[in-house]
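In what follows, a single structure is set out as structure tokens and then discussed.
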Amino acid sequence: MLQPTSVLRTALFVGLLALPLHVAAAQESARETRSVEAFTAVEFRVPGTLHLRQGSERSVEIEAPPAVLDQFETGVDDGTLELPVDSDDTLFGGLFGDDASVDEKVDVYVTAPTIESVSLAGSGEIVGENQIEGETFGLSVAGSGRTRLDVNAEELDVQVAGSGTTMLKGQTDALTTNIAGSGDLQAADLETRTMEVSIAGSGDVEVHVTDELDASIFGSGDVHYRGQPSVSTSSFGSGEVGPLE
72 MLQPTSVLRT ALFVGLLALP LHVAAAQESA RETRSVEAFT AVEFRVPGTL
122 HLRQGSERSV EIEAPPAVLD QFETGVDDGT LELPVDSDDT LFGGLFGDDA
172 SVDEKVDVYV TAPTIESVSL AGSGEIVGEN QIEGETFGLS VAGSGRTRLD
222 VNAEELDVQV AGSGTTMLKG QTDALTTNIA GSGDLQAADL ETRTMEVSIA
272 GSGDVEVHVT DELDASIFGS GDVHYRGQPS VSTSSFGSGE VGPLE
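Under the numbering used here, think of the first position of the sequence shown as 72, with each following residue one higher.
Laid out in structure tokens, this is it:
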């Protein structure tokens with residue numbers, strides 16, 4: 072049977088072994104500029120915040136503790152900027168611990184002339200620093216992450232899987248949305264002429280529709296809208312479609 076002093080010594084030894092991992096989180100952040108080829112899409116797959124800006128000059132900057140910068144590889148594959156190239160959950164979990172907040176981890180600043188699609192996987196956050204304009208724009212969110220974007224596009228496609236929160240404003244002619252899970256789309260300040268929305272689960276949608284709204288709900292999710300569109304609904308469950316109060 073272990074004596075109390077032995078248990079204490081063992082716990083102290085284990086704690087000392089873990090100390091370097093938490094020291095990394097306490098390090099002051101450094102900032103690096105990465106050289107990448109042209110891209111029109113971005114994939115963000117780590118805990119942290121992606122600051123997205125549309126501008127004439129292409130740039131990618133990463134701000135994080137040096138231990139993270141050393142492991143954070145960037146690259147472009149078939150027009151898609153991968154952040155990072157190889158997503159390793161054990162790396163970021165080991166450096167920061169599972170209970171570290173997003174703000175303690177990594178900030179990535181991306182600017183590009185053309186941004187056609189953005190995807191977020193995991194618990195990170197995407198913040199639009201200015202309005203993104205183009206003919207089409209696609210947004211994919213998988214996990215518990217948060218997204219805040221201002222978009223002006225003729226066609227807008229939004230895919231949400233998981234429990235994430237997506238906040239959109241701006242304008243579009245045609246909006247297509249699919250939600251699987253408990254994720255929410257908060258887009259009462261996004262005006263669209265037409266919208267097709269499908270919810271499978273308990274996710275909720277708020278949007279501003281002027282002409283036509285076609286909603287399909289499988290579960291308890293709700294769709295609330297501004298405007299006076301013609302509304303077509305099919306619901307299998309307790310979900311509802313109605314005006315936003």
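Just so you know, even glycine gets a beta-carbon here, dropped at the ideal spot from N, CA and C.
All values derive from a computational prediction rather than experimental measurement.
Helix, strand or coil: how does DSSP classify P314 here?
strand
Using a threshold of 7 Å, state whether the C-beta atoms of V276 and V294 are closer than that.
yes
List the endpoints of the continuous alpha helix (DSSP H) containing A138.
Per DSSP, A138 is one residue of the alpha helix (DSSP H) stretching across 137-142.
In whole angstroms, what is the alpha-carbon distance linking G310 and S287?
9 Å
Just verifying my parser: in three-state terms, what is the DSSP assignment at D178?
Strand, per DSSP.
Per DSSP, the bridge partner or partners of F307
F289
In or out: R102 buried (at least 16 other Cβ within 10 Å) or exposed?
exposed
Which class does R116 belong to by DSSP, given the choice of helix, strand or coil?
Coil at R116, not helix or strand.
Using C-beta distances below 7 Å, list every residue in its chain close to E150, excluding the 5 sequence neighbours before and after it, in chain order.
Sequence check: residue 150 is Gly here, not Glu. Once the five neighbours on either side are set aside, the close Cβ partners of G150 are F110, T111, A112.
Count the other CB atoms, across all protein chains shown, that sit within 10 Å of the CB of L191; report buried if there are 16 or more and exposed otherwise.
buried
S211 versus L227 - alpha carbon distance
11 Å
Take the Cβ of T104 as the centre, count every other Cβ of all protein chains shown within 10 Å, and call the residue buried at 16 or more, exposed below.
exposed
Do N223 and E206 come within 7 Å of each other at the CB atom, strictly closer than that value?
no
Let me confirm a value: G126 is counted as buried when at least 16 other C-beta atoms fall within 10 Å, else exposed. Which label applies?
exposed
Kindly provide the ranges of any alpha helix (DSSP H) runs that are 4 or more residues long and lie completely inside the region 186-270, ordered along the chain.
none
For R297 versus D282, is the C-beta spacing smaller than 7 Å?
no
Would you tell me roughly how many angstroms separate the C-alpha atoms of S215 and E128, rounded to the nearest one?
31 Å
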